[in-house]
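Asker: Number 210 in the UniProt record's numbering belongs to position 210 of the sequence shown; there are no gaps in the numbering. Glycine included, each C-beta is placed from N, C-alpha and C at the ideal position. Small disclaimer: the values here were computed from a predicted structure and weren't measured. Below are the structure tokens for one structure; questions will follow.
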Amino acid sequence: MPEVTIIFILINTIGTSLGFLVNLFLCYVALFHSPPIIRTYSVILINITLTNIGVCITGFLLQERIIQSGKSLFYVSYGYCSLFGERLCFDIFGAYLHFHTHALWLLFLSFAYRYYVMLQKEPKRKSLQAAIFIVYFPSFIQLSAMLFQKMDLDEVETALKDRFPQFNFTGLAVTGAIDIIGFATLYTLIHMTIISIPLAIGIQILRRKIINLLVLKGVDLTTKSRNLHAQLLRTLTFQATVPLIYFLDVFFFFLTHIWNNPILEFSIIIPSLIVPILIPISSLIYVTPYRNYVLRFFSLRPGLQAVNSQSIIPVIWI
């Protein structure tokens, strides 16, 4: 097995395993150790952790490499899914992509929620769950389209061998689309590349609006409430960099359209492995109740239980 393949599999295994463990831990903390004032928001956070766990499990099973050739896309799986057949690998890949798009929609919803509660009363948990269902709909369509996509596996494998005879794919699961001008493939490409741009812009706009409200004297917030909003804003500000990481995936994807290189083809997946690690770590670090629990959990000295009102100042300049 070529060295670049071994390195990729190692990076993928470490990244997905670490992401799985960190998200599982945050899910537990959010479920049982969220203070009352952010218990409703924890509904979104728990959904994010579960989505990231889905990303990590499917990513570990896939160990995917994406190859482009003209209007064709080929997916080569080096993971354990290849032991159970090509179609299962393709379905898992569809689930993997839909988890990523849903995670981005949930991140956007996180910012929208923080902005809403600073203007209106805290929504009911059922209302928030309904909002989560609504933003899941585009990703659900994407998943359904890929699950029901018809594919001639022999044709795909033959086309890949004809166009890249120098590569050896024996024993690997090879799937893909001979022509990307089809609903499932085209919808997925648009959803993962074009739609991510307005979502990223929307996140930045909401972030700026939240900061403006935090420093506005007329906002009716208690000191405790304001500090918790500030802590969550630190988390969301850190998480606002996530769309930039997804743009790296998109950049490598379009670059492989110009130059077919194994390193670039593996690199399409690698940046997105960082996302499920960064998001939970940001919550565990910047939200004080969570951070104090982590310190107690690992028998370290916890920080201050309360944050004074001056803690808002650094947030303004993030």
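1. Quick check: the Cα distance between K124 and N47, rounded to an integer number of angstroms?
2. Would you tell me roughly how many angstroms separate the C-alpha atoms of L10 and L248, rounded to the nearest one?
3. Going straight from the alpha carbon of L199 to that of H100, what length do you get?
4. Does the count of Cβ pairs from the segment 117-132 and the segment 74-81 closer than 8 Å reach three?
5. When the Cα of F140 is compared with those of H98, D152 and G85, which residue comes out closest?
6. Is it true that the CB of T235 sits closer than 8 Å to the CB of V287?
7. Going by C-alpha distance, which of R296, F60 and L278 is nearest G79?
8. Roughly how many angstroms separate the alpha carbons of Y246 and I203, rounded to a whole number?
9. By the DSSP assignment, the alpha helix (DSSP H) with P155 in it spans what residues?
10. Going straight from the alpha carbon of E265 to that of P35, what length do you get?
11. Within 10 Å of its beta-carbon, does E3 have 16 or more other beta-carbons around it, so buried, or fewer, so exposed?
12. Report yes if the C-beta distance between T256 and Q63 is below 8 Å; otherwise report no.
13. Count the other CB atoms, across all protein chains shown, that sit within 10 Å of the CB of T16; report buried if there are 16 or more and exposed otherwise.
14. So, is W259 buried or exposed, given that buried needs 16 or more other C-beta atoms within 10 angstroms?
15. Check Q68 in the structure and name its three-state DSSP category.
16. Whole angstroms are fine: how far does the CA of Q142 sit from the CA of H191?
17. Among I205, L273 and R65, whose alpha-carbon lies nearest the alpha-carbon of F108?
18. My guess is that A173 and C81 are in contact by the Cβ rule of under 8 Å, so how many angstroms apart are they, rounded?
19. Along the chain, which unbroken stretches of the alpha helix (DSSP H) at least 4 residues long are found entirely within the segment 5-37?
20. Going straight from the alpha carbon of L25 to that of L273, what length do you get?
21. Straight-line CA distance for L304 to R65?
22. State the Cα-Cα distance for the pair S280 and V294, rounded to the nearest angstrom.
23. Is it buried or exposed, N261, if we count other Cβ atoms within 10 angstroms and call 16 or more buried?
24. Around the Cβ of I316, are there at least 16 other Cβ atoms within 10 angstroms (buried) or fewer (exposed)?
25. Is the beta carbon of S282 closer than 8 Å to that of F238?
26. If distances are taken between C-alpha atoms only, which option among A177, E122 and Y136 comes closest to L160?
27. Please go through the same chain and pick out, in chain order, the residues whose beta-carbon is closer than 6 Å to the beta-carbon of N12, but skip the five residues on each side of it.
28. With distances taken Cα to Cα, identify the nearest neighbour of R87 among L104, F20, V156 and Y28.
29. How is S299 classed by DSSP in three states: helix, strand or coil?
30. Please classify I277 as buried or exposed, where buried requires at least 16 other C-beta atoms within 10 Å of its C-beta.
31. Let me check one thing: in DSSP terms, what residues is G171 bridge-paired to?
Answerer: Reading it off the structure:
1. 16 Å
2. 20 Å
3. 13 Å
4. no
5. H98
6. yes
7. F60
8. 14 Å
9. The amino acid occupying residue 155 in the given sequence is Glu; Pro does not appear at that position. Here the alpha helix (DSSP H) through E155 covers L153 to R163.
10. 44 Å
11. exposed
12. no
13. buried
14. exposed
15. strand
16. 8 Å
17. I205
18. 6 Å
19. none
20. Correcting the residue type first, residue 25 is Phe in the shown sequence and not Leu. Roughly 18 Å separates the two Cα atoms.
21. In this prediction, L304 has a pLDDT of 45, which is less than 50 and means its spatial position is unreliable; what the coordinates show is noted afterwards. Straight-line Cα distance between these residues: approximately 46 Å.
22. Here the sequence assigns Pro to residue 280, which means Ser is not the residue at that position. Between P280 and V294, the C-alpha separation is close to 12 Å.
23. exposed
24. Bear in mind that a pLDDT of 31 at I316, under 50, signals an unreliable position, so the number given afterwards is only what the model happens to contain. I316 should be labelled exposed.
25. yes
26. A177
27. Q63
28. V156
29. coil
30. buried
31. Note: G171 sits in no beta bridge, so no partner.
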